[in-house]
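Enquirer: In the working numbering, the protein residues as written are 26 to 170.
This is the structure, below, for whatever I ask next.
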């Protein structure tokens with residue numbers, strides 16, 4: 026969690042109030058939101074790179090329910106199947122109510138969900154740590170509207 030918080034703070038993501046087998050080249054099977062516990066449909070993907078390699082992928086889902094619902098998960102790629110530290114966070118841009126999931130996972134972190142997103146931008150981020158190496162990404166003010 027400390028790496029996400031440091032990365033998010035450096036990029037301006039509002040974070041206050043935060044209530045070895047591999048399968049190279051393969052993301053977790055499926056694109057469906059329900060598979061990861063998210064409502065709605067996949068609207069965007071963002072790779073999480075480190076040293077020129079893609080370690081994972083942030084996936085953002087949207088549903089019109091509850092005034093607009095955005096949901097994010099971070100899928101492992103490089104270390105898929107290996108238990109390691111993963112985290113994913115999401116909030117409405119400018120909000121201090123970040124939803125965060127972190128822990129030791131082998132496939133994905135999340136889902137994390139925010140509602141009443143219609144007319145607002147979203148901040149999201151996530152990353153993975155294995156053996157002291159970090160791959161992560163933070164995005165601010167995406168999918169505005």
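Idealized CB from N, CA, C, for every residue including glycine.
Over the uninterrupted beta strand (DSSP E) stretch that includes residue 118, give me the two end residues.
Expert: Premise fails: residue 118 is in no beta strand (DSSP E) and is neither H nor E.
Enquirer: Would you please state the rounded distance, in angstroms, between the beta carbons of residue 81 and residue 102? I believe it to be under 8 Å.
Expert: The Cβ separation is near 5 Å, so the contact holds.
Enquirer: Do you know whose CA, among 87, 135, 77, 152, lies nearest residue 65's CA?
Expert: The residue with the shortest Cα to Cα distance from residue 65 is 87.
Enquirer: Is residue 93 closer than 8 Å to residue 143 when the C-beta atoms are compared?
Expert: A contact, by the Cβ cut-off of 8 Å.
Enquirer: Rounded to the nearest angstrom, what separates residue 124 and residue 146 at their Cα positions?
Expert: Residue 124 and residue 146: Cα-Cα distance of roughly 15 Å.
Enquirer: Nearest by alpha-carbon distance to residue 98: which of 74, 77, 69 is it?
Expert: Answer by Cα proximity: 69.
Enquirer: Could you check whether residue 170 and residue 114 sit closer than 8 Å to each other, using their CB atoms as the reference points?
Expert: Result no, Cβ atoms of residue 114 and residue 170 do not sit closer than 8 Å.
Enquirer: Where do the ends of the beta strand (DSSP E) carrying residue 107 lie?
Expert: Taken as a continuous stretch (DSSP letters only), residue 107 belongs to no beta strand (DSSP E), as it is neither H nor E.
Enquirer: Counting along the chain, where does the beta strand (DSSP E) carrying residue 161 start and finish?
Expert: Start and end: 158-167.
Enquirer: Tell whether a beta-carbon distance below 8 Å holds between residue 164 and residue 154.
Expert: Going by C-beta atoms, residue 164 is not nearer than 8 Å to residue 154.
Enquirer: Could you give the C-beta distance for residue 117 and residue 137, rounded to a whole number, given that I count them as a contact under 8 Å?
Expert: With 8 Å as the limit, residue 117 and residue 137 do not qualify as a contact, their Cβ atoms being about 12 Å apart.
Enquirer: As a quick exercise: from 157, 100, 111, pick the residue whose alpha carbon is nearest that of residue 61.
Expert: Selected option, being the one with the closest Cα: 100.
Enquirer: Output needed for residue 89: all residues of its chain with C-beta closer than 6 Å, excluding positions within five of it in sequence on either side, in chain order.
Expert: Closer than 6 Å at Cβ, skipping near neighbours: no residue.
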